[in-house]
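In the numbering used here, the protein residues as written are 69 to 479.
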């Protein structure tokens, strides 16, 4: 299939998509979301959006993000992805997403978030279980919920428990449990991404010490993935944040770099060793590494930069990190994309295992459960890719279609 690379690169994007239609079978068109809501902040004029893609037992789950330029289309894509995550991991809940078009660094951001949550209160009270996302850390959204009298962002599920106070204590104990690299609730998503990368290496017979990784974004998800990959012995040769790309072919000292991050996930350049190369932010896509992990913004890999990708596999840590056209172009070059709703689903899967009482505050129990689930899924996805070039996204959708119907029972 790599013989297609040169003619595809010479085509226009429209021609390339048409040529690739025969290479990558199209996934069946998703049904319309159940609900779209648009909100306008009466103070700043900021727009906010809620999309509920599916409800299961009257509940949907998905984080709330804040970034300048956030759109309804973006939130709808993310809600669809959340529905795919819950289905793929056989969770008894539907998918939703919230988004606010506002700069999270603006001093008015917290007020905007609080007014958005107040406006969405009927859904947050009874149906929508939300959490952190891009621009909205978990502690902040929990503080907002507390001021609104909802106590914690998992409120819509917790209130269904026979003893909500006991369930809330279990949830808080799990979120705040110390684990490698930080608190369990902060690192579990990145741990899942790391396990997807490690499982990829295992399936393809790569030794961790000889496997290289480039990671775009070192926030909660990307930073957690980098920390656990470094701990497992993989060489993280490049990381990118808003200030640029840091690169060292022998591998970066990930724990030391992460310790210098500010509240927005940016590394203090004054504390970066002199032998680390400083490159433009966009160059992370073309870094020579075995695995590329886009862990920052949605739509980071497009037809325009997909031809720069030098990795053997892309593992999506950010939601909707690769556009469909770019994913098709990568597949034609023999580069599979592990979709976000598998690779980065560890956080939502773990949150629901915690809510359902299937894991508790012991990090090792949570890590073992997530590692086992992720390895099994990666073996299936990569097995079908190796056998017949079936895109991992297509295989993962089939896994989700086999979800069993069960009612939410919060202990």
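All residues carry an ideal CB built from backbone N, CA and C; glycine is no exception.
Opposite residue 196 in the DSSP bridges: which residues? 128
Under 8 Å between the Cβ atoms of residue 163 and residue 143? no
Among residues of its own chain, excluding the 5 on either side of residue 348, which ones have a beta-carbon nearer than 8 Å to its beta-carbon? Here the set comprises 312 and 313.
C-beta contact flag for residue 184 and residue 441 at 8 Å: no
Under the three-state DSSP convention, the category residue 222 falls into: coil
Once the 5 residues before and after residue 343 are set aside, which same chain residues still bring their CB inside 7 Å of it? 316
Given a threshold of 16 other Cβ atoms within 10 Å of its Cβ, counted over all protein chains shown, does residue 475 qualify as buried or as exposed? Exposed: under 16 other Cβ atoms inside 10 Å.
Please report the straight-line C-alpha distance between residue 264 and residue 111, rounded to a whole angstrom. Near 43 Å, if we compare the C-alpha coordinates of residue 111 and residue 264.
How should residue 278 be labelled, buried or exposed, when 16 other C-beta atoms within 10 angstroms of its C-beta is the threshold for buried? Answer is exposed; the Cβ neighbour count stays below 16.
Reducing DSSP to helix, strand and coil, say where residue 209 ends up. helix
Look up residue 345 in the DSSP assignment and say whether it is helix, strand or coil. strand
Count the other C-beta atoms from every protein chain shown that fall within 10 angstroms of the C-beta of residue 421, then say buried if there are 16 or more, exposed otherwise. buried
Through-space distance from residue 269 to residue 289, alpha-carbon basis: 20 Å
In the DSSP output, what is residue 284 paired with across the bridge? 308 and 362
Since residue 381 is in the beta strand (DSSP E), which residue starts that stretch and which ends it? 381–383
Let me know the secondary structure DSSP gives residue 464 once reduced to three states. helix
Helix, strand or coil for residue 173, going by three-state DSSP, please let me know. Three-state DSSP puts residue 173 in coil, outside helix and strand.
How do the segment 357–367 and the segment 385–401 stand: do at least 3 beta-carbon pairs fall below 8 Å, yes or no? yes
Please determine if the segment 236–255 and the segment 429–439 are in contact, where contact requires at least 3 C-beta pairs separated by less than 8 Å. yes
Might you give, ordered along the chain, the residues of its own chain that have their beta carbon closer than 8 Å to the beta carbon of residue 186, omitting 5 neighbours on each side? 216
Rounded to the nearest angstrom, how far is the Cβ of residue 357 from that of residue 379, given a contact under 8 Å? 5 Å
Check for me: the alpha helix (DSSP H) holding residue 274 runs from which residue to which? Segment: none, residue 274 is in no alpha helix (DSSP H) and carries neither H nor E.
Residue 153 classed as buried or exposed, judged by whether at least 16 other C-beta atoms fall within 10 angstroms: buried
Considering Cα atoms alone, identify which of 321, 218 and 439 is closest to residue 257. Nearest of 321, 218 and 439 to residue 257, Cα basis: 439.
Should residue 355 and residue 305 be called a contact, given that it needs their Cβ atoms to be closer than 8 Å? Yes.
Whole-angstrom distance between residue 203 and residue 418, CA atom to CA atom: 21 Å
Look at residue 241 and residue 479 and say whether their C-beta atoms are less than 8 Å apart. no
Coil, strand or helix - residue 135 by DSSP: strand
Residue 296 to residue 249 span [Cα, whole Å]: 8 Å
Quick check on residue 190: buried or exposed, where buried means 16 or more other Cβ atoms within 10 Å of its Cβ? exposed
Kindly list the residues whose CB is nearer than 7 Å to the CB of residue 43, restricted to its own chain and excluding five residues on each side of it in sequence; keep chain order. What is shown of the chain runs 69 to 479, which leaves residue 43 out entirely.
Which same chain residues end up closer than 7 Å to residue 332 when comparing Cβ atoms and leaving out the 5 residues on each side of it in sequence? 173
Using only CA atoms, which one of 260, 129 and 365 lies nearest to residue 136? 365
How big is the Cα-Cα spacing for residue 329 and residue 473? 43 Å
Among residues of its own chain, excluding the 5 on either side of residue 82, which ones have a beta-carbon nearer than 7 Å to its beta-carbon? Confidence in residue 82 is poor, its pLDDT being 41 and thus under 50, which makes the residue's placement unreliable; the coordinate value appears in the next sentence. Taken in chain order, the list of residues that qualify is empty.
Would residue 283 pass as a contact of residue 294 if the rule is Cβ separation under 8 Å? yes
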